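Here the structure is laid out as structure tokens; the discussion comes afterwards.
Here is the structure:
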């Protein structure tokens with residue numbers, strides 16, 4: 508699933524598209540050498556996806572894909588621990604919106620865990636299925652259902668997915684994740700909240716997109732839930748969900764206040780806690796339990 512990077516969005520708004528395409532072409536051409544060099548220098552034996560897959564879920568560099576995956580995976584394990592559960596108690600895990608496997612590369616190392624993943628990007632799923640043969644990866648759609656039975660998973664985590672969903676899609680997916688999670692088990696979902704709003708308002712030098720609020724902090728304080736579709740997302744939306752005409756049927760940029768989550772997500776899960784900014788210093792981690 509495509510990830511929204513506010514900082515990168517600013518850069519892209521100011522660089523002509525042909526130049527961005529040329530930069531991406533150069534990166535793609537030298538990427539196999541960069542992967543081999545990183546693996547040799549760091550004695551890294553895990554598979555690393557190619558640039559055209561990796562750049563959707565992380566920055567261009569190989570190091571960023573590996574290192575940010577470590578930071579985020581550690582934050583997820585710590586989030587699980589706050590519920591009184593340890594990772595060694597978990598047998599089945601769903602990575603919802605797994606992308607190119609930034610977290611999979613670490614969770615796959617837990618030999619006692621069966622990893623499942625889903626994503627609407629078929630190229631991601633094909634690469635992951637080839638490189639992580641003991642896991643189970645499925646192509647998912649823009650809206651439910653998932654291709655899994657009810658009460659299947661001991662743990663579900665999802666990084667930078669609910670930070671892209673409209674309110675309509677959000678509620679549909681919360682209900683669906685509750686369906687496939689076992690009773691009394693945990694879901695860990697990331698969101699953009701007050702922490703990210705404060706940080707990005709300080710970083711923002713210009714408005715990055717016509718639909719973007721002048722102040723994320725003010726918009727979130729007033730509306731509690733903010734969703735808009737950046738212009739740069741519209742072409743990708745036609746690939747992921749062809750024929751959509753309504754913004755509520757598109758991926759966008761989504762912001763949640765803590766009050767909104769407690770008030771609205773509790774109809775699907777017990778909201779145990781929200782840990783601000785603990786996911787790579789930007790996104791909040793929402794810790795949920797299925798009742």
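In this note's numbering, the protein residues as written are 508 to 798.
Every residue gets a Cβ at the ideal spot worked out from N, C-alpha and C, and that includes glycine.
This structure is a prediction, so every number in the text was calculated from the model and none was measured.
DSSP, read as helix, strand or coil, puts residue 564 in helix.
Exposed is the label assigned to residue 588, since fewer than 16 other Cβ atoms lie within 10 Å of its Cβ.
Pairing residue 764 with residue 791, the inter-Cα distance amounts to about 10 Å. With at least 16 other beta carbons inside 10 angstroms of its own, residue 681 counts as buried. One alpha carbon belongs to residue 789, the other to residue 671, and they sit about 14 Å apart. Shown here for residue 798: same chain residues with a beta carbon closer than 6 Å to its own, the five before and five after excluded, namely 777 in chain order.
Here residue 630 is near residue 560, since their CB atoms are less than 8 Å apart. Per the C-alpha coordinates, the member of 740, 615, 761, 644 positioned closest to residue 554 is 615.
Between residue 610 and the set 710, 596, 695, 542, the nearest pair of CA atoms involves 695. For the segment 565-635, the full-length beta strand (DSSP E) segments reaching 3 residues or more read 599-603, 621-626 along the chain. By the C-beta criterion, the segment 650-664 is judged to be in contact with the segment 673-680, since at least 3 inter-stretch pairs fall below 8 Å. The three-state reading of DSSP puts residue 552 in coil, since its state is none of H, G, I, E or B.
In the structure shown, residue 769 adopts helical secondary structure according to DSSP, grouped into three states. Given a length threshold of 3 residues, each whole run of the beta strand (DSSP E) inside the segment 686-770 is given here in chain order: 688-698, 732-735, 760-763. Look at residue 545 here: in three-state DSSP terms it is helix. Distance check between residue 796 and each of 580, 622, 618, 660 places 660 closest, using alpha-carbon atoms only.
Here residue 591 is exposed, its C-beta having fewer than 16 other C-beta atoms within 10 Å. When C-alpha distances from residue 760 are compared across 608, 698, 540, the shortest belongs to 698. In the structure shown, the three-state DSSP call for residue 637 is helix. For residue 667, no beta strand (DSSP E) segment is defined, and its DSSP state is neither H nor E. Proximity to residue 600 across 531, 732, 757, 688 peaks at 688, based on C-alpha coordinates. Rounded to the nearest whole angstrom, the C-alpha separation of residue 576 and residue 724 is 27 Å.
The shortest C-alpha to C-alpha distance from residue 772 to any of 663, 785, 758, 794 is the one to 794. It is roughly 7 Å from the alpha-carbon of residue 558 to the alpha-carbon of residue 534. Collapsing the DSSP output to three states places residue 797 in coil.
Between the alpha carbons of residue 693 and residue 663 lies a gap of roughly 7 Å.
Nearest Cα to residue 605 within the set 583, 635, 617: 635.
At least 8 Å separates the beta-carbon of residue 620 from that of residue 632. Counting C-beta atoms within 10 angstroms of its own C-beta, residue 612 has 16 or more neighbours from the protein chains shown and is therefore classed as buried.
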